[in-house]
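**Q**
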Amino acid sequence: MNANTMTIAQARDALRAREISAVDLTMSCLTAIDASDALNAFVHRTPEIALDQARAADARLAAGDAPGLCGIPLGIKDVFCTKGVASQAGSNILRGFKPEYESTVTTKLFADGAVMLGKLNMDEFAMGSSNESSCYGPAVNPWKVDEVLRTPGGSSGGSAAAVAADLCLGATGTDTGGSIRQPAAFTGITGIKPTYGRVSRWGVIAYASSLDQAGPMTKTVRDAAIMLRSMSGHDPMDSTSADLAVPDFEAALTGDIRGQKIGIPREYRIDGIPAEIAKLWSDGADMLRGAGAQIVDISLPHAKYALPTYYVIAPAEASSNLARYDGVRYGHRASLAAGDGITEMYEKTRASGFGPEVQRRIMVGTYVLSAGFYDAYYNRARRVRALIKRDFELAFADGIDTILAPATPSSAFGLGEMGASDPVEMYLNDVFTVTLNLAGLPGVAVPVGLDKKGLPMGLQLIGQPWAEGALLNHAYALERAAGFVSKPHKWW
Amino acid sequence: MSIDIDTARKVAKLARIRVEEPDLPKLAEQLSGILGFMEQLNEVDVTGVEPMVSVTPMRLKRRADVVTDGDIQAQILKNAPDAREGFFAVPKVVE
């Protein structure tokens, strides 16, 4: 077995037992990355940093000081600021930007001994569901069952492709409307979006600040628990980060879910959902019932308004967050004509630096926040958001522990197939994931089966706020019952 | 709400994104489509519902109002497209 195919838990145990060195493990991943150009997952490679960190990890392991991630090679989504290493959030407007500081998440991972292999492809500013809005071109799904090249999903498409293809043992992702869970489902891996406030946003290039949350993307639920513990915790640099103790999420993985009440939201039975996804969902409910859980029908009456609510609030926040890209302080500045003033500099820089989807969302956000429309769009969306959150609160107050839902309305689609003529078509991909972001709740995507084409499909479990341990335990029970072990065949 | 070409031009101006005249009709059409998608929100009865301010009820942390960092001019200017004599440089703003 090549070391790069290990799970984090397997590698941790092998490293601690000194059966393998962190340097050898890292070399195994670097070799796999070197042979992965066709996937376009790693867009900035950092082998020197990786080997330095691996040597330091080996020294810690030799000294008996080995935190959970000591010597574990990870990929880092391009949205995280990493000191001295390109951090562009998939955008040309940040071309050449090398942060002078390190994000809190990567600081925590490195303090626990993790090794950074490089930066991972993503949709520009995390706006997209297919990785096709990236300035680096799309990442490609390692799952290939015919001549079609498919999307690994988005926005964390590079992270999903890299983990599924064993280029790294785990990766960081961020999730604003589904950007961890949808790509995890499309590539047959696990991804968790924690409760809003669990993981610091400091040094994560902002898209929509009230929705953005970072989380791990891994090969197993156990690995997600290990990585999430390292990433979590209060940070004075992020005023919305929660000052709560971080539990040992891995210790919560007992697999015992007897007597737990799992809700099935009837509003998620939407028209046009493929029969295979509907069957996967009922199979998943049967699996959890078989593990001793009680399956209960529930209602989330405002769930159907989650997508339009999201596509008001997220662009509104984006239009404000992305105002900082003005060609003055960092990144790209357009070349100017004689006589151009500062307004022309702003307008030309932003027109040439932002891609079309980012421009659209900035302009939608500008419109819904503009005088005369603020109440009709933005305030109305914030009111509906409060109702969406209340639906979940009522379900949990009724004794529901977690909620089971599909992760995506389809398996991975072909690159170039979606949204070319109508941007809204692409937005519909987030229909099952976006509600959680609006309610601030944790959600995890777990691979459960293959469709008839041979592509992976995932289900999503939604947890109570701050109950990531219980949520991951439910995911662990589902993972064990589903027994999903398929891997993409290597064609790249 | 349908966005006409004049509104599209105005929104682009407010967003400080240059959109050339021939591209405005397509932009207006796309923005109209997206805003049309949002019209569903008008079906919801939001009477008496306060707009959400914070998804997690929390009082933001306070800290002493003191300087906690600084003297990092070189770091701040490091990534600037044009920095001169310790300042960000931009095209002439005042005549």
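As they're listed, the protein sequences go chains S and A. Its first residue numbered 12, the first sequence is counted upward by one per residue in the working numbering. Its first residue numbered -14, the second sequence is counted upward by one per residue in the working numbering. Ideal Cβ placement from N, Cα and C applies to all residues, glycine included. Since this is a predicted model, take the numbers as computed values, not measurements.
Mind checking Ser241 (chain S): buried by the 16 CB within 10 Å criterion, or exposed?
**A** Ser241 (chain S) should be labelled buried.
**Q** Three Cβ pairs or more, each shorter than 8 Å: is that satisfied between the region 58 to 76 of chain S and the region 170 to 178 of chain S?
**A** These segments do not touch.
**Q** Taking only beta-carbon positions, decide if Gly55 (chain A) is within less than 8 Å of chain S.
**A** Cβ-Cβ to chain S under 8 Å: no for Gly55 (chain A).
**Q** Kindly say whether Gly18 (chain A), judged by its beta-carbon, lies nearer than 8 Å to any beta-carbon of chain S.
**A** By this cut-off, Gly18 (chain A) is an interface position.
**Q** Which residues of the region -12 to 3 of chain A have a Cβ closer than 7 Å to any Cβ of chain S? Give them in chain order.
**A** Here the close residues are Val(-4), Ala(-3), Leu(-1), Ala0, Arg1, Ile2, Arg3.
**Q** Which same chain residues end up closer than 8 Å to Ile104 (chain S) when comparing Cβ atoms and leaving out the 5 residues on each side of it in sequence?
**A** Excluding positions up to five away in sequence, the list reads Tyr336, Gly342, His343, Thr360, Arg361, Gly364, Phe365.
**Q** If you measure beta-carbon to beta-carbon, which residues of the region 358 to 373 of chain S are closer than 8 Å to chain A?
**A** The residues in question are Glu358, Lys359, Arg361, Ala362, Phe365, Gln370, Arg371, Ile373.
**Q** For chain A, is any of its Cβ atoms less than 8 Å away from the one on Met238 (chain S)?
**A** No, its Cβ sits nowhere closer than 8 Å to a Cβ of chain A.
**Q** On the three-state DSSP scale, how would you describe Pro434 (chain S)?
**A** Of the three classes helix, strand and coil, the one that applies to Pro434 (chain S) here is helix, per DSSP.
**Q** Which ranges would you report for the alpha helix (DSSP H) in the region 208 to 276 of chain S if only whole runs of at least 4 residues count?
**A** The qualifying runs are 232 to 242.
**Q** Use the C-beta contact count for Leu53 (chain A): other C-beta atoms within 10 angstroms, 16 or more gives buried, fewer gives exposed.
**A** This sequence places Thr at residue 53 (chain A); Leu is not what is there. Classification of Thr53 (chain A): exposed, given that the 10 Å Cβ count is below 16.
**Q** Asp123 (chain S) and Gly79 (chain S) - do their beta-carbons sit closer together than 8 Å?
**A** Yes, they are a contact pair.
**Q** My understanding is that Val116 (chain S) touches Ala61 (chain S), with C-beta atoms under 8 Å, so please give their C-beta distance in whole angstroms.
**A** Between Ala61 (chain S) and Val116 (chain S) the Cβ distance is about 17 Å, and since that is not below 8 Å, they are no contact.
**Q** My output table needs one value for Met553 (chain S): the three-state DSSP class, helix, strand or coil.
**A** Any answer about residue 553 (chain S) is impossible in this case: the structure gives chain S only from 12 up to 503.
**Q** What residues in the region 66 to 77 of chain A bring their beta carbon closer than 8 Å to a beta carbon of chain S?
**A** So the list reads Pro66, Asp67, Phe73, Val75, Pro76, Lys77, given in the order they occur along the chain.
**Q** Classify Asn51 (chain S): buried if its beta carbon has 16 or more other beta carbons within 10 angstroms, exposed otherwise.
**A** Asn51 (chain S) should be labelled buried.
**Q** According to the neighbour-count rule (16 or more other Cβ atoms, all chains shown, within 10 Å of its Cβ), is Phe72 (chain A) buried or exposed?
**A** So Phe72 (chain A) counts as exposed.
**Q** Name, going along the chain, the residues of the region 275 to 299 of chain S whose beta-carbon falls closer than 7 Å to a beta-carbon of chain A.
**A** Correct list: empty, as no residue qualifies.
**Q** Taking 8 Å as the cut-off, does the region 86 to 98 of chain S touch the region 131 to 150 of chain S (at least 3 CB pairs, one atom from each stretch)?
**A** Verdict: yes, contact present.
**Q** Closer than 8 Å by C-beta to Asp35 (chain S): which residues in its own chain qualify, once you throw out the five before and the five after it? Chain order, please.
**A** Result list for Asp35 (chain S): Ala14, in chain order.
**Q** Is the region 437 to 448 of chain S touching the region 480 to 494 of chain S in the sense that three or more CB pairs, one from each, lie closer than 8 Å?
**A** Counting Cβ pairs under 8 Å, fewer than three are found: no touch.
**Q** Tell me, please, which residues DSSP counts as bridged to Gln193 (chain S).
**A** The partner list for Gln193 (chain S) (beta bridge, DSSP) is empty, contrary to what the question assumes.
**Q** Name, going along the chain, the residues of the region 35 to 66 of chain S whose beta-carbon falls closer than 7 Å to a beta-carbon of chain A.
**A** Those would be none; no residue qualifies.
**Q** Taking Ile268 (chain S) and His485 (chain S) to be in contact with their CB atoms under 8 Å, please state how far apart those CB atoms are, rounded to whole angstroms.
**A** 6 Å between Cβ atoms; contact.
**Q** So what does Lys204 (chain S) bridge to, in DSSP terms?
**A** Looking at the DSSP assignment, Lys204 (chain S) forms a beta bridge with S:Gly454.
**Q** Pairs of beta-carbons, one from the region 236 to 250 of chain S and one from the region 454 to 466 of chain S, closer than 8 Å: are there three or more?
**A** Contact between the region 236 to 250 of chain S and the region 454 to 466 of chain S is absent, because fewer than three Cβ pairs lie under 8 Å.
**Q** Residues of the region 314 to 333 of chain S with a CB closer than 7 Å to any CB of chain A: list them in chain order, please.
**A** Listed by position along the chain: Tyr316, Pro319, Thr320, Tyr322, Val323, Ser330.
**Q** What's the C-alpha gap between Ala508 (chain S) and Thr185 (chain S)?
**A** Missing from the structure shown is residue 508 (chain S); chain S here goes from 12 to 503 and no further.
**Q** Rounded to whole angstroms, what is the Cα-Cα separation between Thr57 (chain S) and Glu113 (chain S)?
**A** For Thr57 (chain S) and Glu113 (chain S), the distance between alpha carbons rounds to 15 Å.
**Q** Three or more C-beta pairs closer than 8 Å, one from the region 396 to 409 of chain S and one from the region 448 to 463 of chain S: is that the case here?
**A** Yes: at least three Cβ pairs fall under 8 Å.
**Q** Ends of the alpha helix (DSSP H) at Val379 (chain S)?
**A** That run of the alpha helix (DSSP H) goes 367 to 379.
**Q** Short check: CB of Val75 (chain A) to CB of Ile191 (chain S), under 8 Å?
**A** Not a contact, by the Cβ cut-off of 8 Å.
**Q** Could you list which residues in chain A have their beta carbon closer than 7 Å to that of Met248 (chain S), in chain order?
**A** None at all; the shortest Cβ gap to chain A is about 10 Å.
**Q** Report the residue from S:Gln224, S:Ala67, S:Gly82, S:Ala65 whose alpha carbon sits nearest the alpha carbon of Thr18 (chain S).
**A** Per the Cα distances, S:Gly82.
**Q** Please report the straight-line C-alpha distance between Ala481 (chain S) and Ala302 (chain S), rounded to a whole angstrom.
**A** So the alpha carbons of these two residues sit roughly 15 Å apart.
**Q** Roughly how far, in whole angstroms, is the beta-carbon of Tyr322 (chain S) from the beta-carbon of Met23 (chain A), given that I think they are within contact range, below 8 Å?
**A** Confirmed, Cβ separation roughly 6 Å.
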